[in-house]
Amino acid sequence: MTTRSETQTTLDHLLTEIEHRNPAQPEFHQAAHEVLETLAPVVAARPEYAEPGLIERLVEPERQVIFRVPWQDDQGRVRVNRGFRVEFNSALGPYKGGLRFHPSVDLGVIKFLGFEQIFKNALTGLGIGGGKGGSDFDPHGRSDAEVMRFCQSFMTELYRHIGEHTDVPAGDIGVGGREIGYLFGQYRRITNRWESGVLTGKGQGWGGSLIRPEATGYGNVLFAAAMMRERGEDLEGQTAVVSGSGNVAIYTIEKLTALGANAVTCSDSSGYVVDEKGIDLDLLKQIKEVERGRVDAYAERRGASARFVPGGRVWEVPADLALPSATQNELDENDAATLIRNGVKAVSEGANMPTTPEAVHLLQQAGVAFGPGKAANAGGVAVSALEMAQNHARTSWTAARVEEELADIMTSIHTTCHETAERYDAPGDYVTGANIAGFERVADAMLAQGVI
């Protein structure tokens with residue numbers, strides 16, 4: 380049996396090879412490091428995982444699709460964007476993961492998201508593999524007609540790579556109910572099939588699931604609550620800072636409020652709002668979901684309790700809990716130091732990899748409970764899988780049933796991460812627990828299915 384140090388040396392060599400084979404993809408390198416740096420104990424303990432080629436296959440996508448997306452704007456000008464779909468691992472089921480429409484999207488970003496998705500999906504205990512996709516198209520400021528034409532062009536290529544038993548996309552940043560509707564309509568038009576399970580996040584009147592819009596935010600808060608219970612506390616009376624003001628942030632704030640916490644912030648790229656009375660959800664939803672406005676409008680209309688801080692860092696607001704819910708690497712080492720000085724007890728990731736490695740290390744060293752995104756924000760994909768189950772049965776579950784299922788899944792994920800960390804001598808380390816637990820499930824399936 381190899382020792383942990385020998386195994387770690389082998390994994391370090393593999394990380395070097397990953398960087399060499401995937402140049403100029405820093406987000407993917409970061410995601411691979413975050414996982415592989417925690418696997419030495421399990422690979423050393425279970426020799427079958429050290430079998431040549433297993434981890435090498437795990438870090439190489441099964442398929443990477445890049446395509447041109449031409450579309451016409453309202454002035455008649457032809458625009459060209461780039462589309463991506465990375466089908467990373469299907470050992471546990473069809474590829475499952477969202478589509479992101481944002482100018483920052485490139486192959487490295489999609490690979491990082493797809494790699495994270497493998498382990499996140501495995502942790503749910505449901506039969507779904509890992510994938511991700513998107514485009515460098517920016518829907519912000521575009522008319523509905525422009526967004527429709529883009530989505531139709533995007534799906535005209537994507538449709539040949541997806542299917543309810545093959546690859547099931549969903550939404551992500553820049554892809555909400557409007558975009559999913561246009562994408563599904565074009566898929567139905569091209570294929571001449573009502574294949575409702577091919578996309579999740581659909582409207583409730585045509586195959587969508589109740590609680591799906593809320594699921595990522597709700598699940599993140601449920602995971603944070605489970606971490607707090609391990610400390611002998613609950614969310615009642617706790618102050619929380621939340622970044623972002625999109626779907627995840629809004630429903631994170633909603634669930635925090637329902638469980639008795641006071642969520643006092645939201646943000647976007649222009650800055651952040653702090654509201655001493657707690658964020659007014661009705662006003663925030665009106666501004667962000669209906670008017671598609673900026674958070675400074677919230678402060679203008681809320682009154683004396685709220686103020687807008689242009690260009691500020693939401694993490695400078697003192698709080699018991701921090702829930703980063705915007706985008707990758709938004710909480711850095713300096714932010715972590717500020718949170719620690721202000722007495723933060725727990726950080727739970729609503730976004731994908733929003734905390735830099737240096738910040739994660741600092742928070743863990745300070746004894747802050749840290750919930751990594753692959754565990755804490757798995758509620759969204761979990762309810763997407765429940766939506767697939769409803770589509771397959773041509774039925775619709777009640778909101779109460781879906782929310783109960785979501786709560787059970789998030790509790791199970793927390794228990795799995797906590798117990799796995801203890802089993803590998805890393806008590807309280809949810810990062811190690813999540814990585815190893817997800818890896819074990821995927822690796823066992825890969826070994827059983829042969830070298831493919």
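Under this note's numbering, read the sequence shown as residues 380 to 831, first letter to last.
Even for Gly, the Cβ is constructed at its ideal location relative to N, Cα and C.
Computed from a prediction, not measured in an experiment: that's the story for all the values here.
Would you identify the three-state DSSP class for residue 803, choosing helix, strand or coil?
-> Looking at residue 803 - three-state DSSP - the assignment turns out to be coil, as it is neither helix nor strand.
For residue 773, count neighbouring Cβ atoms within 10 angstroms of its own Cβ and tell me buried if that reaches 16, exposed if not.
-> Exposed, because fewer than 16 other Cβ atoms sit within 10 Å of the Cβ of residue 773.
Identify every residue that forms a DSSP beta bridge with residue 443.
-> According to DSSP, residue 443 bridges with 465.
Note down, in chain order, each residue of its chain lying with its Cβ closer than 7 Å to the Cβ of residue 806, except the 5 sequence neighbours on either side.
-> Cβ within range, chain order: 800.
Mind pulling the beta strand (DSSP E) runs of 3 or more residues that sit fully within the stretch 705-736?
-> Counting only unbroken stretches of 3 or more residues, the beta strand (DSSP E) elements lying wholly within the stretch 705-736 are 725-727, in sequence order.
Expressed to the nearest angstrom, what Euclidean distance is found between the alpha-carbon atoms of residue 588 and residue 439?
-> Those two C-alpha atoms are separated by around 32 Å.
Assigned secondary structure, residue 532 (DSSP; H/G/I helix, E/B strand, else coil) = The three-state secondary structure of residue 532, taken from DSSP, is helix.
CA nearest to the CA of residue 634, picked from 546, 792, 592 = 592 is the residue among 546, 792, 592 whose C-alpha sits nearest the C-alpha of residue 634.
Decide if residue 628 is buried, meaning its Cβ has at least 16 other Cβ atoms within 10 Å, or exposed.
-> Residue 628 is classed as buried because its beta carbon has at least 16 other beta carbons within 10 Å across all chains shown.
In three-state DSSP terms, what is residue 571?
-> When secondary structure is reduced to three states using DSSP, residue 571 falls in the coil class, being assigned neither helix nor strand.
When DSSP labels each residue in this structure, what does residue 451 get in the three-state scheme?
-> Residue 451: strand per DSSP, three-state reduction.
From 451, 779, 687, 668, residue whose alpha carbon lies closest to that of residue 554 = For residue 554, the nearest C-alpha among the options comes from 668.
Return the residue from the list 776, 796, 769, 779 that minimises the CA-CA distance to residue 753.
-> For the options 776, 796, 769, 779, the alpha carbon positioned closest to that of residue 753 is the one of 796.
Cβ separation of residue 462 and residue 548, assumed to be a contact under 8 Å, to the nearest whole Å | No, residue 462 and residue 548 are not in contact; Cβ-Cβ is about 11 Å, not under 8 Å.
Would you report the Cα separation of residue 528 and residue 450, rounded to the nearest angstrom?
-> Taking the CA atoms as reference points, residue 528 sits about 6 Å from residue 450.
If you compare alpha carbons, which of 757, 791, 769, 788 is closest to residue 509?
-> Here the closest residue by C-alpha is 757.
Would you kindly work out how many angstroms separate the C-alpha atoms of residue 789 and residue 392, rounded to a whole number?
-> Going from the Cα of residue 789 to the Cα of residue 392 covers about 35 Å.
Decide if the stretch 494-501 is in contact with the stretch 820-828; the criterion is three or more beta carbon pairs, one per stretch, under 8 Å apart.
-> A contact exists between the stretch 494-501 and the stretch 820-828.
Quick one: measure Cβ to Cβ for residue 598 and residue 759, integer angstroms, because I've assumed they're closer than 8 Å.
-> With a Cβ gap of about 7 Å, residue 598 and residue 759 count as contacting.
Bounding residues of the alpha helix (DSSP H) (the contiguous stretch that carries residue 414) | Its alpha helix (DSSP H) spans residues 405-415.
Continuous beta strand (DSSP E) stretch holding residue 830: start and end | Taken as a continuous stretch (DSSP letters only), residue 830 belongs to no beta strand (DSSP E), as it is neither H nor E.
Straight-line gap, residue 736 to residue 809 (C-alpha atoms, nearest Å) = Rounded to whole angstroms, the separation of the alpha carbons of residue 809 and residue 736 is 14 Å.
Compare the Cα-Cα distances from residue 622 to each of 539, 606, 696 and report the closest residue.
-> Of 539, 606, 696, the residue nearest in Cα terms is 696.
Could you tell me whether the stretch 693-713 touches the stretch 638-652, using the rule of 3 or more Cβ pairs below 8 Å?
-> Because the criterion of three Cβ pairs below 8 Å is met, the stretch 693-713 and the stretch 638-652 touch.
Helix, strand or coil at residue 420 according to DSSP, with G and I counted as helix = Helix, per DSSP.
Quick one, are the C-beta atoms of residue 731 and residue 417 less than 7 Å apart?
-> Result no, Cβ atoms of residue 731 and residue 417 do not sit closer than 7 Å.
Measuring alpha carbon to alpha carbon, tell me which of 605, 719, 742 ends up nearest residue 794.
-> Ranked by how close their Cα comes to the Cα of residue 794, the residues 605, 719, 742 have 605 in first place.
In terms of residues, what are the limits of the alpha helix (DSSP H) holding residue 760?
-> Under the DSSP assignment, residue 760 falls in the alpha helix (DSSP H) whose first and last residues are 758-772.
DSSP-derived helix/strand/coil call for residue 690 = Of the three classes helix, strand and coil, the one that applies to residue 690 here is coil, per DSSP.
C-alpha gap between residue 707 and residue 583, whole angstroms = Here the alpha carbons of residue 583 and residue 707 stand approximately 29 Å from one another.
Should residue 470 and residue 824 be called a contact, given that it needs their Cβ atoms to be closer than 7 Å?
-> By the CB criterion at 7 Å, residue 470 and residue 824 fall inside the cutoff.
Beta-carbon proximity list for residue 631, same chain, < 7 Å, skipping 5 on both sides | Excluding sequence positions up to five before and after residue 631, its CB lies within less than 7 Å of the CB of 596, 599, 600, 621, 702, 704, 729, all in the same chain and listed in chain order.
For residue 648, the residue or residues it bridges with in DSSP | Beta-bridge annotation (DSSP): residue 648 is not paired with any residue.
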